Amino acid sequence: MADMELNCEGCAGCCLDWRPLAPDGVALDHERQGRFVPLDDAYNLVPLSSDEVRGFVRDGFGDAMTPRLFEAAERSVAVDGHDLAAVEGRPAFLVGLRTAPKPVAPFGTDASWLSACVFLDPETLQCRIHGGERYPDACARYPADNLALDAGTECERAEAAAGGDRLLDDDPEGADPLSGAGALGATVFAHPAPDRLEGRVERVVAGEPTPADRAEFVRRPRGTAGGAADAGMGLRRRRPWMVTCA
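Residue numbers (the numbering used here): 132 to 377.
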């Protein structure tokens with residue numbers, strides 16, 4: 132894992148939705164480009180691995196997570212009027228950390244209510260679980276993985292919008308990001324029963340999933356051994372729930 136030098140004080144650009152504060156000329160639509168477009172409007176969703184999902188559920192933080200579904204023109208399955216990106220007819224999805232409105236003042240601005248990660252302290256703009264056992268790998272690897280993929284970072288966007296130096300080191304040496312097929316079963320999963328998502332997809336799109344909707348993607352149902360914890364086992368142990376894409 133790359134160890135990069137960053138200036139994060141007073142920023143938290145990667146932990147909150149600062150689109151309402153962005154000046155003209157600073158584009159923040161990077162998540163909605165390419166073949167697969169998220170159906171929700173969350174900004175900078177943190178994708179979790181199957182082990183991380185299991186850990187949050189075990190520690191009683193199941194409500195801290197939310198699913199992300201994608202729209203696709205091809206290789207899709209229709210649910211609630213949306214063409215969901217799918218693998219072998221199974222809707223593909225991520226599980227990420229939820230956001231919630233918080234009074235925050237990034238980049239030296241006056242405090243305003245913005246959507247922020249559930250674990251962001253709105254006063255210090257620091258992550259409450261940073262460095263702890265539950266700290267997501269995607270956060271620990273940021274922004275090195277983006278740089279390794281030649282993708283933009285929130286550090287650079289914050290510099291362009293508010294000035295200052297945030298990205299003090301642009302060498303992602305040691306970064307080894309998951310992408311493409313490598314992400315299947317690690318952070319990208321597939322739901323085996325599209326019919327169970329009827330009605331739920333519309334609420335996810337509206338940003339109003341219920342606890343039951345979120346549980347549909349992360350829970351370990353009775354009578355099965357499946358769940359996020361098993362998804363990373365790949366084809367060696369294919370499960371009926373959150374099965375690995377193949």
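Note that CB positions come from ideal geometry on N, CA and C, so glycine has one too.
If you're wondering where the values come from, they're calculated on a predicted model, not measured in any experiment.
_As assigned by DSSP and simplified to three states, the class of Glu136_ = coil
_DSSP has Asp214 in a bridge; who is on the other side?_
Ala209
*Figure out for me which residue from Thr341, Glu304 and Leu299 has the closest Cα to the Cα of Cys139.*
Leu299
*In terms of residues, what are the limits of the beta strand (DSSP E) holding Cys248?*
Ser243 to Cys248
_Beta carbon of Pro253 nearer than 7 Å to that of Trp149_ = no
*To which residues of the same chain is Ile260 closer than 6 Å at the C-beta, ignoring the five residues directly before and after it?*
Phe250 and Tyr266
*Flag this pair as yes or no: are the beta carbons of Val168 and Val349 separated by less than 7 Å?*
no
*Return the CA-CA distance between Gly384 and Ala289, expressed in angstroms with no decimal places.*
In the structure as shown, the chain starts at 132 and stops at 377, and residue 384 therefore has no counterpart that could be examined.
*With distances taken Cα to Cα, identify the nearest neighbour of Ser207 among Leu176, His322, Gly283 and Leu137.*
His322
_Residue span of the beta strand (DSSP E) that contains Arg199, given as start and end_ = Met196 to Glu202
_So Val210 and Pro222 are supposed to be a Cβ contact under 8 Å. How far apart are they, rounded?_
7 Å
*Closest by CA to Asp301, which one among Gly283, Ala291, Ala292 and Leu315?*
Gly283
*Quick one: grab the DSSP three-state call for Val177.*
coil
*Nearest to Gly141 by CA position, among Met135, Thr255, Leu228 and Asp326, is which residue?*
Thr255
_Where the alpha helix (DSSP H) through Val332 begins and ends_ = Arg331 to Val336
*Please name the residue or residues paired with Phe320 in a DSSP beta bridge.*
Phe224
*Taking 8 Å as the threshold, find out whether the region 214–221 comes into contact with the region 176–187 through three or more Cβ pairs.*
no
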